[in-house]
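**Student:**
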Amino acid sequence: MENKGINKVLEPINGSSVVDKTISRIIEAISDGRFGMGEKLPNEYELIKDLEISRNSLREAMRVLSTLGVVEIKRGDGTYVCDQVNPSVFDSIIYGLVFDISTSSELIELRRALDEIMLKLAIDKADDNDIAELRDYLELMEIHIKNEEFMAAGDTDYNFHIKIVEIGRNKLLYRIVKGVYQFFKVSIYRNIEAEEKFSHATQYHKEILDLIVTKDKSRVEEVIANSLDSWGYNFEK
Numbered sequence: 407m408e409n410k411g412i413n414k415v416l417e418p419i420n421g422s423s424v425v426d427k428t429i430s431r432i433i434e435a436i437s438d439g440r441f442g443m444g445e446k447l448p449n450e451y452e453l454i455k456d457l458e459i460s461r462n463s464l465r466e467a468m469r470v471l472s473t474l475g476v477v478e479i480k481r482g483d484g485t486y487v488c489d490q491v492n493p494s495v496f497d498s499i500i501y502g503l504v505f506d507i508s509t510s511s512e513l514i515e516l517r518r519a520l521d522e523i524m525l526k527l528a529i530d531k532a533d534d535n536d537i538a539e540l541r542d543y544l545e546l547m548e549i550h551i552k553n554e555e556f557m558a559a560g561d562t563d564y565n566f567h568i569k570i571v572e573i574g575r576n577k578l579l580y581r582i583v584k585g586v587y588q589f590f591k592v593s594i595y596r597n598i599e600a601e602e603k604f605s606h607a608t609q610y611h612k613e614i615l616d617l618i619v620t621k622d623k624s625r626v627e628e629v630i631a632n633s634l635d636s637w638g639y640n641f642e643k
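Per my numbering, residue 407 is the first one in the sequence shown, and the count goes up by one each step.
1) On the three-state DSSP scale, how would you describe K577?
2) Suppose you measure from the CA of V424 to the CA of L540; what does that come to, to the nearest Å?
3) Does the structure place the stretch 566-581 close enough to the stretch 620-631 that three or more beta carbon pairs sit under 8 Å?
4) Quick check on the DSSP output: the beta strand (DSSP E) that includes K480 runs from which residue to which?
5) May I have the straight-line CA-CA distance separating Y610 from K569, to the nearest angstrom?
6) Cα-Cα, which of V626, I523, L447 and R481 is closest to E572?
7) Report the residue from G444, R481, L617 and H567 whose alpha carbon sits nearest the alpha carbon of D530.
8) Residues in the same chain with beta-carbon distance under 6 Å from S633, minus the five sequence neighbours each way, listed in chain order, please.
9) Are E450 and R465 touching if we call contact CB-CB under 9 Å?
10) Kindly identify the DSSP beta-bridge partner or partners of K446.
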């Protein structure tokens with residue numbers, strides 16, 4: 407599918423971070439329909455002229471977009487918008503949206519809302535195998551904390567929460583929530599080490615698991631709020 411031949415479809419790039427701005431401008435053009443899925447982009451000369459950037463900047467931007475799976479570069483033919491969006495692109499978009507949120511309080515509210523949604527879905531959908539896997543994560547977390555293996559404990563904590571998301575068996579929510587949780591991963595490690603001093607690191611996870619086992623939705627908000635109290639404090643540091 408050829409490009410529509412729209413004159414000056416992209417506005418010029420001004421200022422610093424030329425490559426980043428070029429990437430953003432092209433993604434924006436795809437998002438608002440100026441370039442459709444499978445459509446061929448204007449040739450290199452036209453893009454350089456429209457964006458008022460150098461050939462090197464354009465080629466670097468296209469390499470990044472190709473790596474992300476946004477465009478496909480066909481040697482000798484041109485550059486096309488990919489027919490399907492690679493999951494890594496979706497994760498990058500989610501990460502970018504979260505990164506742009508200006509305050510810690512907004513991020514804490516976002517995580518609380520997502521945790522509550524996913525826990526309620528897990529309560530509805532968890533089977534015996536799911537519960538056994540969550541128990542394994544808890545036992546492993548306790549071992550790592552006892553041995554002061556905080557990075558490993560952080561990985562296990564993260565995997566515990568991702569497992570809850572998987573139990574929800576909703577592909578769209580899985581991609582969104584996983585993308586958001588990636589942003590919080592560093593704060594999870596920091597929180598594990600801080601909570602270890604008060605022996606709280608697994609207590610909150612046990613309460614979450616108890617709700618799933620007993621299928622009790624009445625205390626979801628309370629348990630999630632408790633589990634995020636110390637995390638929120640450490641996240642804002």
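Every residue, glycine too, gets a C-beta built ideally from N, C-alpha and C.
**Tutor:** In short, the structure shows the following:
1) Reading the sequence shown from its first residue, position 171 is the one you call residue 577. The answer is helix: DSSP assigns K577 an H, G or I state.
2) Residue numbering aside, residue 424 sits at position 18 when the sequence shown is read from its first letter. Residue numbering aside, residue 540 sits at position 134 when the sequence shown is read from its first letter. So the two alpha carbons sit approximately 46 Å from each other.
3) Between the stretch 620-631 and the stretch 566-581, the count of C-beta pairs closer than 8 Å stays below three; the two stretches do not touch.
4) Here the question's residue 480 lines up with position 74 in the sequence shown. Start and end: V477 to K480.
5) Numbered from 1 along the sequence shown, position 204 holds the residue referred to as residue 610. Numbered from 1 along the sequence shown, position 163 holds the residue referred to as residue 569. Y610 and K569 have their C-alpha atoms some 16 Å from each other.
6) For the purposes of this step, residue 572 is taken as the residue at position 166 of the sequence shown. Comparing C-alpha distances from E572 to each of V626, I523, L447 and R481 shows the shortest one belongs to I523.
7) Here residue 530 corresponds to residue number 124 of the sequence shown, with the count starting at 1. Ranking the options by Cα distance to D530, first place goes to L617.
8) Locating residue 633 in the sequence shown gives position 227, where the first residue counts as 1. For S633, the CB contacts under 6 Å within the same chain, skipping 5 residues up- and downstream, are Y610 in chain order.
9) As a position in the sequence shown, residue 450 is number 44, starting the count at 1. As a position in the sequence shown, residue 465 is number 59, starting the count at 1. It is a contact, given that the beta carbons lie within the stated cut-off.
10) As a working note, residue 446 is residue 40 in the sequence shown. Partner residues in the beta bridge of K446, as assigned by DSSP, are Y486.
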